[in-house]
Structures are given as structure tokens and as C-alpha cells.
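Be aware that the sequence shown starts at 120, since it is given in our numbering, and climbs by one per residue. Everything below concerns the one structure shown next.
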Amino acid sequence: MIIRQWLTKGFVLSELIISMAIITALFILASPVIKQRDHSHLSFYHDYLYHQSLSMVNKETIRFENEYSVINFNEKGNVEQAKTIKVNNHIFVIELGGGRLIRK
Numbered sequence: 120m121i122i123r124q125w126l127t128k129g130f131v132l133s134e135l136i137i138s139m140a141i142i143t144a145l146f147i148l149a150s151p152v153i154k155q156r157d158h159s160h161l162s163f164y165h166d167y168l169y170h171q172s173l174s175m176v177n178k179e180t181i182r183f184e185n186e187y188s189v190i191n192f193n194e195k196g197n198v199e200q201a202k203t204i205k206v207n208n209h210i211f212v213i214e215l216g217g218g219r220l221i222r223k
């Protein structure tokens, strides 16, 4: 009687291994179906703000070059030219003056 209660008390190690193997197999089969999202537009946004802040902190002109555009910041963080940049189906508008970056 006591042995029976001990055996049915919880999962046995073999049951745990089998259930983990099933979950792993389902994940491996489902992973190609799941679409990988492209987050390079977030990288552009953060790099833009980093270079703008760097120009304001160091009080110097900084040239920010990437595969989409070349942007020049003056010592106050302002841009020289207003632009519209497309980064992987995301549109960014750089406003003249303050250099504010707007994502549309």
C-alpha cells in the first residue's frame, strides 16, 4: 500500500523525459513555420538617437553613415538636411532643425 502511494505521488523521471522529448519535437517541427521578424528598423532608430546624443554631449559635428543614408549632426544635435528614409518597409522622417525622428 505504501509503495503504491509512493509510485503515484508524482512524475517519474522517465515520464518527464518523454514529455520533454515530445515538447522539443513539436517545437522543432513548428519553428520553420514561425516567421522570423526583421528588427533592423529598431537598430536604425537606436543608432540614430545614439549618434545624435553623442554629438550633443561632445559638442562636435558627427557624421552618421549606414546602408540607408548619411546624416550629419551639428554640435546641438540638429541635422543639416530633412530626409525620408525607408528601412525594411518602415518609413522614418527626419525633421529639419531639431532632428526629430518620426516613424510612420
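Glycine residues also receive a C-beta, built at the ideal position from the N, C-alpha and C atoms.
What whole-angstrom Cβ distance do residue i and residue j have, given they're in contact under 8 Å?
| i | j | result |
| --- | --- | --- |
| H170 | I153 | About 33 Å separates the two Cβ atoms, so there is no contact after all. |
| V131 | H160 | Not really, about 49 Å apart at Cβ, beyond 8 Å. |
| D166 | N185 | 7 Å |
Using the C-alpha atoms, what's the distance from residue j back to residue i?
| i | j | result |
| --- | --- | --- |
| M175 | G218 | 12 Å |
| K202 | S150 | 38 Å |
Should residue i and residue j be called a contact, given that it needs their Cβ atoms to be closer than 8 Å?
| i | j | result |
| --- | --- | --- |
| G216 | N197 | yes |
| I190 | I221 | no |
What residue from the options has the CA that sits closest to residue i's CA?
| i | options | result |
| --- | --- | --- |
| S188 | F146, K178, I210, I141 | I210 |
| N88 | R222, K195, M139 | As shown, the chain starts at 120 and ends at 223. That puts residue 88 outside it, with no answer to give. |
| field | alpha helix (DSSP H) runs wholly inside the stretch 146-209, at least 4 long, in chain order | value | The stretch 146-209 contains these whole alpha helix (DSSP H) runs: 159-177.
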